[in-house]
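Everything below concerns the one structure shown next.
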Amino acid sequence: MIALVLLFDACSLLAPALMGMPIAPGGTFTVGVVFALLIVLAAIASAVYYVRHLNREDSMTPSSQGPRTNG
Amino acid sequence: MSAASFLGLIGLTFEYGYDVLYFIVSLALSWVIVLLFIAERLRHLGTYTFADVVCLRLARGPIRALAAAGTLTVAIPYLIAQLVAAGTLVQQLFGLSYAQGAVLAGLLMTIYVTFGGMIATTWVQIIKAALLLGGGLLLLLLVLQHFDFSLSALGRQAVVAHPRGAALLQPGGMYGTDLITVLSLSLAFIGGTAGLPHVLMRFFTVPDAREARHSAALALSLVCGFQFIVFIVGLGAAALLVGHPDYSPQGTQIIGGSNMVAIHLARELGGEPFMGFIAAVAFATILAVVSGLTLSAAATVSHDLYAQAIRRGTGSDVDELRVSRITAVTLGVTGVGLAILFEGQNVAVLAVLPLAIAASSNFPVLLLAMYWRGLTTRGALAGGYSGMLVSVLLVVLGPSVWAGAFGFEEPLFPYAYPTLFSMPLAFLLAWHVSRSDRSVAAEAERAAFAQQMIRPFSRSPGSGGAAAGN
Chain A
31 MIALVLLFDA CSLLAPALMG MPIAPGGTFT VGVVFALLIV LAAIASAVYY VRHLNREDSM
91 TPSSQGPRTN G
Chain B
567 MSAASFLGLI GLTFEYGYDV LYFIVSLALS WVIVLLFIAE RLRHLGTYTF ADVVCLRLAR
627 GPIRALAAAG TLTVAIPYLI AQLVAAGTLV QQLFGLSYAQ GAVLAGLLMT IYVTFGGMIA
687 TTWVQIIKAA LLLGGGLLLL LLVLQHFDFS LSALGRQAVV AHPRGAALLQ PGGMYGTDLI
747 TVLSLSLAFI GGTAGLPHVL MRFFTVPDAR EARHSAALAL SLVCGFQFIV FIVGLGAAAL
807 LVGHPDYSPQ GTQIIGGSNM VAIHLARELG GEPFMGFIAA VAFATILAVV SGLTLSAAAT
867 VSHDLYAQAI RRGTGSDVDE LRVSRITAVT LGVTGVGLAI LFEGQNVAVL AVLPLAIAAS
927 SNFPVLLLAM YWRGLTTRGA LAGGYSGMLV SVLLVVLGPS VWAGAFGFEE PLFPYAYPTL
987 FSMPLAFLLA WHVSRSDRSV AAEAERAAFA QQMIRPFSRS PGSGGAAAGN
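Line by line, the protein sequences are chains A and B.
Position one of the first sequence corresponds to residue 31 (our numbering), numbered consecutively onward.
Position one of the second sequence corresponds to residue 567 (our numbering), numbered consecutively onward.
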C-alpha cells in the first residue's frame, strides 16, 4: 500500500511530461482518479479482510483476547 | 473528518483540482497504518495515552516529558488550523471580525472541554460525524443533480469556467513537479495520523481490541468515502462558482477565502437554509475536533506530566483535574492568538503541519516501542526530540509560517512539509542511540519487551517504568 501511494505520487508528477495535454487531454485525470480510487478501495478491502480474519481467530481462541476493560 | 478536510479540501480542489488526490490517497493509507499497526496493539496493551504505551518498559519521567512535549507540539498547530476555519466561518456568517470569530470559537471550546469532558466530546464526535456525512452527501447529490448526474459534464464545465482551464484536471497546480513536497505530504499522513494524540485516545472509548479494530475499519471506510465526496464537490464548486458575481467575481478569488467555498456552494445550490445547515455542521465539526484535541492535550499534561512525571503518582485526582482545566484554558488562549496570526491560510494545508510534526516525533517512538525490542529510553528520547525539533524548525522556516504567517517574501526552507527529512532522522537516531546504549538500564528495557506483550492487562495505566524502575 505504501508503495502504491508513492507510485501514485511519482506517476502524477511525471504525468505532465508523459501524458501532456497535446497527447491526451483529460487522460491524466482519468487515469489518476481511477488509480486513486483503486488505492482507496484496496485500503478499505484490506481493512475489512483484516478485521474479519482477526475476528475469526478471536472466536477460535477467545482466551487470547483477555478480559474486557472499559478503558 | 475535520473542518480541515471538509472546508479546506473543497477549497483546495476548487483552486487546484487534481493535486488534492495526493491528500486523498495518503489519508486512506494513513488509516490502514492505524488499523494494522496501531489500533489493536495499543488496545491490547491496555494503556491510556501515547506516554503509557512507551512507558511500559522505558523510564517514566523523561518519556512522559517527551510525550507531553510531543502532544502539545502537535496539538497547538492543529488547533490553529481548526480555529482559522472557525474564525472565517463566523466572520462570513455573522458579520463579526475574523478575530472575534476565532475568540468565540476558542471560548466555546474551552467551556466545552472544561465542563464537558470525555463523554460530551465523544457524543459530539458521533453526532457531528453523522451530520457531516449527511451534509456532504446532500451537497454531492445537489452538485450531481445540477449536471444531470454526469461527471463528464461537471468536468467539462469546470475546465471551461476555471482560469487554469484543462490544467485544473492535470497534476502540478499546487506543488508543480516538486517530488520532495509530495512525498513529504504522503509521509506526513502515513505517520502523522497514527501519531495524533486525540486519534490514539479514541481507542480507549471502545471496550476491547475487537471493537477498536471495528472502529478503525469503519473510520477508514467513512473517511475514504468522504474524501471522494469532498473532491467531486470541490470540482462542482469550480464549475459553478468561478466568476460568479455573488461569490467569486474575480476568477478563483472567492469571497471569504478558499475555506468558504463549501459554504458558498451550499448557498448557490440549496439557498439560505441549506447554507445555514452546512455552516452549522462545519462549526459543530470544528468544535468537536478542537474539543477532542484539547481534551487529549489537557489529559497528557495533567496525567503524564503533572501526575506521573512531576508528582510521581502522589497527586490527588482533584489536583489532576485542576491542572487539566488550566491546560485547556491556556491552550484555548494560545490557539486563538496564533489563529489570528494565520488568518486567510487554507486550513487543509495548515492541518498537514501538525501531521508532519506527529509523524516525526510521536510516530517513530510509538512504533518502535511497540514492535522493536531494541528501543531504549535514550534512543526514544534522541529520536523523539530530534524529530520534533527538526520538524518544528523546518515548519517555521517553511512557506506556511515564514512566508504565510510572518510575511517574509521567501521561506528559508523551500518545501511545504519537512517529513521526508525529519521522520527518517527520528527513526535513524532512535535506532542508532538505542543500538549503542550499553547501560544496565538499557539491557533491562530490552529484556522487558517480551513481558510487555505477555501481561498487558494486569497493568494499570501510568504504572510504567517496569524495566528501569525509574
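Where a beta carbon is used, it is the ideal one built from N, C-alpha and C, also for glycine.
#1: If you check the beta carbons only, do residue 889 (chain B) and residue 856 (chain B) fall under 8 angstroms apart?
#2: Taking only beta-carbon atoms, is residue 737 (chain B) less than 8 angstroms away from chain A?
#3: What is the DSSP secondary structure of residue 1033 (chain B), counted as helix, strand or coil?
#4: Using a Cβ-Cβ cutoff of less than 7 angstroms, which residues in the same chain neighbour residue 783 (chain B) once the five nearest sequence positions on both sides are dropped?
#5: Going by other Cβ atoms of all chains shown within 10 Å of its Cβ, with 16 needed for buried, is residue 884 (chain B) buried or exposed?
#6: Please tell me whether residue 759 (chain B) has its Cβ less than 8 angstroms away from any Cβ of chain A.
#7: Which residues, taken in chain order from the region 974-1006 of chain B, show a beta carbon closer than 7 angstroms to some beta carbon of chain A?
#8: Using the beta-carbon of each residue, which ones in chain A are nearer than 7 angstroms to residue 592 (chain B)?
#9: If we ignore side chains and look at the alpha-carbon of each, how far apart do residue 649 (chain B) and residue 925 (chain B) end up?
#10: How would you label residue 742 (chain B), buried or exposed, when you count the other beta carbons within 10 angstroms and need 16 or more for buried?
#11: List in chain order: all unbroken alpha helix (DSSP H) runs of 4+ residues lying wholly within the region 682-732 of chain B.
#12: Using the Cα positions of residue 993 (chain B) and residue 984 (chain B), report the straight-line distance between them to the nearest angstrom.
#13: Are the region 811-830 of chain B and the region 578-589 of chain B in contact at 8 angstroms, needing three or more beta carbon pairs?
#14: For the alpha helix (DSSP H) that residue 646 (chain B) lies in, which residues bound it at each end?
#15: Does the distance from the CB of residue 571 (chain B) to the CB of residue 796 (chain B) come in under 8 angstroms?
#16: Please state the DSSP three-state secondary structure of residue 911 (chain B).
#17: Closer than 8 angstroms is the cut-off here; do at least three beta carbon pairs connect the region 617-635 of chain B with the region 859-874 of chain B?
#18: I need the straight-line Cα distance from residue 1028 (chain B) to residue 973 (chain B), nearest angstrom please.
#19: What separation, rounded to the nearest whole angstrom, lies between the Cα atoms of residue 714 (chain B) and residue 807 (chain B)?
#20: What's the call for residue 604 (chain B), buried or exposed, on a 16-neighbour Cβ count within 10 Å?
#21: If we cut at 8 angstroms on Cβ distances, does residue 81 (chain A) have a partner in chain B?
#22: Would you report the Cα separation of residue 35 (chain A) and residue 628 (chain B), rounded to the nearest angstrom?
#23: Which value, in whole angstroms, describes the spacing of the CA atoms of residue 695 (chain B) and residue 670 (chain B)?
#24: Beta-carbon of residue 63 (chain A) versus every beta-carbon of chain B: anything under 8 angstroms?
#25: Thinking residue 574 (chain B) and residue 913 (chain B) are a contact (beta carbons under 8 angstroms), I'd like their distance in whole angstroms, please.
#26: So, helix, strand or coil for residue 43 (chain A), using DSSP?
#27: Residues of chain B with CB under 8 angstroms from residue 182 (chain A), in chain order?
#28: Return the CA-CA distance between residue 945 (chain B) and residue 996 (chain B), expressed in angstroms with no decimal places.
#29: Which residue comes first and which comes last in the alpha helix (DSSP H) that contains residue 88 (chain A)?
#30: Considering just the uninterrupted stretch of the alpha helix (DSSP H) at residue 759 (chain B), what are its terminal residues?
#31: Any contact of the region 68-81 of chain A with the region 751-758 of chain B, i.e. 3+ C-beta pairs under 8 angstroms?
#32: When the cut-off is 8 angstroms and only beta carbons count, does residue 748 (chain B) lie next to chain A?
#33: Between residue 630 (chain B) and residue 617 (chain B), is the Cβ-Cβ spacing less than 8 angstroms?
#34: Report the residue from B:597, B:623 and B:569 whose alpha carbon sits nearest the alpha carbon of residue 937 (chain B).
#35: Specify whether the region 891-898 of chain B and the region 670-681 of chain B touch according to this definition: at least 3 beta carbon pairs, one from each stretch, less than 8 angstroms apart.
#36: Assign residue 816 (chain B) to one of three DSSP states: helix, strand, or coil.
Walking through what the data contain:
#1: The count along the second sequence starts at 1 and reaches residue 889 (chain B) at position 323. The count along the second sequence starts at 1 and reaches residue 856 (chain B) at position 290. The answer is no: Cβ separation not under 8 angstroms.
#2: Against the second sequence, residue 737 (chain B) aligns to sequence position 171. Yes, its Cβ sits closer than 8 angstroms to a Cβ of chain A.
#3: Here residue 1033 (chain B) refers to the residue found at position 467 when the second sequence is read from its first residue. Low local confidence applies: a pLDDT of 41 at residue 1033 (chain B) is under 50, so the model's placement there is unreliable, and no value is given.
#4: For the purposes of this step, residue 783 (chain B) is taken as residue 217 along the second sequence, with counting starting at 1. Closer than 7 angstroms at the Cβ level, and outside the excluded window around residue 783 (chain B), lie 601.
#5: Taking the second sequence and counting its residues from 1, one reaches residue 884 (chain B) at position 318. So residue 884 (chain B) ends up on the exposed side.
#6: Working through the second sequence from its first residue, we reach residue 759 (chain B) at position 193. No, residue 759 (chain B) lies away from the interface with chain A (no Cβ there is under 8 angstroms from its Cβ).
#7: none
#8: Taking the first residue of the second sequence as position 1, residue 592 (chain B) is located at position 26. Those are 35, listed as they occur along chain A.
#9: To locate residue 649 (chain B), count along the second sequence from 1; it is residue 83. To locate residue 925 (chain B), count along the second sequence from 1; it is residue 359. In a straight line, the C-alpha of residue 649 (chain B) is about 22 angstroms away from that of residue 925 (chain B).
#10: One-based indexing of the second sequence puts residue 742 (chain B) at position 176. The residue in question, residue 742 (chain B), is exposed, as its Cβ has fewer than 16 Cβ neighbours within 10 Å.
#11: 717-727
#12: For the purposes of this step, residue 993 (chain B) is taken as the residue at position 427 of the second sequence. For the purposes of this step, residue 984 (chain B) is taken as the residue at position 418 of the second sequence. Roughly 14 angstroms separates the two Cα atoms.
#13: yes
#14: As a position in the second sequence, residue 646 (chain B) is number 80, starting the count at 1. Per DSSP, residue 646 (chain B) belongs to the alpha helix (DSSP H) from 626-660.
#15: Walking along the second sequence from the start, residue 571 (chain B) turns up at place 5. Walking along the second sequence from the start, residue 796 (chain B) turns up at place 230. Yes, the pair counts as a contact, with Cβ atoms nearer than the cut-off.
#16: Position 345 of the second sequence, counting from 1, holds the residue named residue 911 (chain B). DSSP places residue 911 (chain B) in coil when its eight states are reduced to three.
#17: yes
#18: The residue you call residue 1028 (chain B) lines up with position 462 of the second sequence. The residue you call residue 973 (chain B) lines up with position 407 of the second sequence. With a pLDDT of only 42 at residue 1028 (chain B), under the threshold of 50, the placement of this residue in the model should not be trusted; the figure read from the coordinates follows. When rounded, the distance between both Cα atoms is 43 angstroms.
#19: Translated into the one-based positions of the second sequence, residue 714 (chain B) becomes position 148. Translated into the one-based positions of the second sequence, residue 807 (chain B) becomes position 241. One C-alpha to the other measures close to 18 angstroms.
#20: On the second sequence, position 38 is the one that residue 604 (chain B) refers to. By the neighbour-count rule (16 or more Cβ atoms within 10 Å), residue 604 (chain B) is buried.
#21: One-based indexing of the first sequence puts residue 81 (chain A) at position 51. For residue 81 (chain A), the answer is yes, since a Cβ of chain B falls inside 8 angstroms of its Cβ.
#22: Reading the first sequence from its first residue, position 5 is the one you call residue 35 (chain A). Reading the second sequence from its first residue, position 62 is the one you call residue 628 (chain B). Going by the C-alpha atoms only, they are around 36 angstroms apart.
#23: Sequence index remark: in the second sequence, residue 695 (chain B) carries index 129 (1-based). Sequence index remark: in the second sequence, residue 670 (chain B) carries index 104 (1-based). C-alpha separation (whole angstroms): 22 angstroms.
#24: Numbered from 1 along the first sequence, position 33 holds the residue referred to as residue 63 (chain A). Interface residue, yes.
#25: Translated into the one-based positions of the second sequence, residue 574 (chain B) becomes position 8. Translated into the one-based positions of the second sequence, residue 913 (chain B) becomes position 347. Contact holds; Cβ gap of about 4 angstroms.
#26: For the purposes of this step, residue 43 (chain A) is identified with residue 13 of the first sequence, where counting begins at 1. In the structure shown, residue 43 (chain A) sits in a helix (DSSP, three-state: H, G or I).
#27: The structure shown does not extend to residue 182 (chain A), since chain A spans only 31 to 101, so no value can be given for it.
#28: What you label residue 945 (chain B) is simply residue 379 of the second sequence in a count that begins at 1. What you label residue 996 (chain B) is simply residue 430 of the second sequence in a count that begins at 1. Roughly 4 angstroms between the two C-alpha positions.
#29: As a position in the first sequence, residue 88 (chain A) is number 58, starting the count at 1. Its alpha helix (DSSP H) spans residues 57-90.
#30: As a working note, residue 759 (chain B) is residue 193 in the second sequence. It spans 745-761 - the alpha helix (DSSP H) in which residue 759 (chain B) sits, taken as one unbroken run.
#31: no
#32: By 1-based counting over the second sequence, the position of residue 748 (chain B) is 182. Chain A contact via Cβ: present.
#33: To locate residue 630 (chain B), count along the second sequence from 1; it is residue 64. To locate residue 617 (chain B), count along the second sequence from 1; it is residue 51. Yes.
#34: Locating residue 937 (chain B) in the second sequence gives position 371, counting from the first residue. Cα-wise, what sits closest to residue 937 (chain B) is B:623.
#35: yes
#36: Counted from its first residue, the second sequence places residue 816 (chain B) at position 250. Residue state, collapsed to three classes: strand.
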